[in-house]
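Chains A and B are the protein sequences, given in the same order. Be aware that the first sequence starts at 1, since it is given in this note's numbering, and climbs by one per residue. Be aware that the second sequence starts at 1, since it is given in this note's numbering, and climbs by one per residue. We treat Cβ as the ideally placed atom computed from N, Cα and C, and that holds for glycine. Just below is one structure, and these are the notes that go with it.
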Amino acid sequence: MSGERPINAWPPSRNPYDWLGSGIYFWEHDPGRAMKWAQQRYGSSAAIVGAIIQLGRCFDLLDVDFTSKLLPAYEQEKQEADVAGRRLPTNRGRDDDVGGRYLDCRVINACLQALPSFQVVRGAFREGEPAFPSGQIFRESHIQIAVRDPRCILGVFRPT
Amino acid sequence: MSFESEKRQLAEELDRALHAMRAWSPERRLQYKVALGVKDRNAEFTQAFGGEAAPEPDSVAALLIPSSSSFGSDGSTAVLRLLHLLTHGDDICLDAPTARIITERPMIVDLLRVLKDAEAAGFVRRTAPDPRDLGEDDRDSLVGLALTAHGKRHLEEVLRTMRESPAPRVVAR
């Protein structure tokens, strides 16, 4: 994102490996992590923007009411791939974080195409090295939000 | 409505939507999604549905229809899309993807209106299970619907005219 654009002109991410499917991505309450990601990707021209987000009709992957729907979606996808003589994509990556979430993206998108009125997808992810030896708390774990309906972005600000 | 009850309702809506086509075999399910343009023949989602595939050329999403200046109201464009879908099978699913492809909005009420228009024009006929009036409660259910000889002729005539006419066109999204 560069310059100043109205929110409804922000392009959603549509990569086949996006962790929460298609949407405009944010880190929840973590501008430092957002800046680190931006610097890794854009170097010295990195910048971040804060947003006030109304979760609205949220496909919340921290809620069993919604995570329980992923298995039927996966099974449907698998059956249809089998019919077509194809395999479902796999999640893959160079390290334990498995950055390319191709399968997750496919299954989440299957849910979202079935019920397109979802406005936001939210999920928590373990990432990074253990915070201490043998620990199960990880340094870069975070909550991500993918906004599918830009009307849920109520306003933006410059984090300080 | 409380947050909890709203959330539960949303989860139930998703559950119903995911199971909308459970009466169909996986083969029919895939064939229907390909016919609509939700997936390609490799079962990959098309670009409009979160994937990277292009809709198959014979799908409804790929159907180029002359703009309203040539063939009446936008409603008739939606009716033509419905008729084209019925060349691929004798039933449809009253779900959001079908509504979106046929009417350009994922609203069941719009899809029902198109269905009634097509029925009133004699282009389609309800077949099963019970040709009663359909409403919002029928969301995510399957409806038996056959193209009549009149509907088939109308579609063929329009498609022939389209091939011969360079008129401005609209495509389903």
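Grab me the residues of residue i's own chain with a C-beta within less than 8 Å of its C-beta, minus the 5 sequence neighbours each way, in chain order.
i, result
"residue 73/B", "For residue 73/B, the predicted model reports a pLDDT of 45, less than 50, meaning its position is unreliable and no value from the coordinates is stated."
"residue 10/B", "none"
"residue 99/B", "105, 106, 107, 108, 110 and 111"
"residue 28/A", "122, 142, 143, 144 and 145"
"residue 23/B", "142"
"residue 36/B", "59, 60, 61, 85, 97, 98 and 101"
"residue 19/B", "140"
Just tell me which of the options has its CA closest to the CA of residue i.
i, options, result
"residue 135/B", "127/B, 6/B and 114/B", "114/B"
"residue 77/B", "31/B, 41/B, 94/B and 101/B", "101/B"
"residue 97/A", "70/A, 126/A and 28/A", "126/A"
"residue 45/B", "43/A, 76/A and 27/A", "76/A"
"residue 79/B", "158/B, 97/B and 30/B", "158/B"
"residue 121/A", "130/A, 31/A and 146/A", "146/A"
"residue 36/A", "128/A, 102/A, 156/A and 136/A", "128/A"
"residue 140/B", "156/B, 8/B, 7/B and 15/B", "15/B"
"residue 114/A", "27/B, 154/B, 57/B and 96/B", "96/B"
"residue 72/A", "107/A, 51/A, 64/A and 50/A", "107/A"
"residue 19/A", "55/A, 67/A, 7/A and 101/A", "101/A"
"residue 163/B", "65/B, 138/B, 30/B and 49/B", "65/B"
"residue 66/A", "49/B, 50/B, 6/B and 120/B", "6/B"
"residue 103/B", "83/B, 160/B and 88/B", "83/B"
"residue 8/B", "148/A, 80/A and 69/A", "69/A"
"residue 63/A", "3/B, 160/B, 137/B and 149/B", "3/B"
"residue 140/A", "124/A, 9/A, 157/A and 53/A", "124/A"
"residue 74/A", "43/B, 87/B and 138/B", "43/B"
"residue 50/B", "5/A, 9/A and 103/A", "103/A"
DSSP on residue i, reduced to helix/strand/coil?
i, result
"residue 44/A", "helix"
"residue 47/B", "helix"
"residue 38/B", "coil"
"residue 144/A", "strand"
"residue 13/A", "strand"
"residue 57/B", "coil"
"residue 22/B", "coil"
"residue 65/B", "strand"
"residue 6/A", "coil"
"residue 131/A", "coil"
"residue 86/B", "helix"
"residue 147/B", "strand"
"residue 155/A", "strand"
"residue 55/A", "coil"
"residue 134/B", "coil"
"residue 15/B", "helix"
"residue 122/A", "strand"
"residue 74/B", "The pLDDT assigned to residue 74/B is 44, lower than 50, so where the model puts this residue is not dependable; a value taken from the coordinates is nonetheless given after this. Residue state, collapsed to three classes: helix."
"residue 65/A", "helix"
"residue 142/B", "strand"
"residue 19/A", "strand"
Please say whether residue j and residue i have beta carbons closer to each other than 9 Å?
i, j, result
"residue 142/B", "residue 21/B", "yes"
"residue 151/B", "residue 118/B", "yes"
"residue 41/B", "residue 63/B", "no"
"residue 89/A", "residue 150/A", "no"
"residue 124/B", "residue 147/B", "yes"
"residue 32/B", "residue 92/B", "yes"
"residue 38/B", "residue 17/B", "no"
"residue 59/A", "residue 105/A", "no"
"residue 117/A", "residue 52/B", "no"
"residue 7/A", "residue 153/A", "yes"
"residue 82/A", "residue 26/B", "yes"
"residue 119/A", "residue 56/A", "yes"
"residue 154/B", "residue 120/B", "no"
"residue 40/A", "residue 29/B", "no"
"residue 52/A", "residue 157/A", "yes"
"residue 14/A", "residue 47/B", "yes"
Enumerate in chain order the residues of its own chain whose CB-to-CB distance from residue i is below 6 Å, with the five nearest sequence positions on each side excluded.
i, result
"residue 12/A", "22, 23 and 24"
"residue 33/A", "27 and 142"
"residue 92/A", "100"
"residue 71/B", "Summary for residue 71/B: the model assigns pLDDT 49, below 50, so the residue's position carries little reliability; its value from the coordinates is reported in the next sentence. Excluding sequence neighbours, residue 71/B sits near nothing in its chain."
Quick one: what's got a C-beta closer than 7 Å to residue i's C-beta in the same chain, skipping five residues either side?
i, result
"residue 127/B", "90, 144, 145 and 146"
"residue 30/A", "142"
"residue 34/B", "40, 41, 56 and 59"
"residue 159/A", "31, 48 and 50"
"residue 87/A", "81"
Open item on the list: Suppose only complete runs of 4+ residues qualify. What are the alpha helix (DSSP H) ranges in the stretch 69-120 of chain A, listed by chain order?
Closed with: 70-83 and 102-114
- [ ] Only counting runs of 4 or more residues, tell me where the alpha helix (DSSP H) segments fall wholly within the stretch 90-130 of chain B, in order along the chain.
- [x] 96-103 and 108-120
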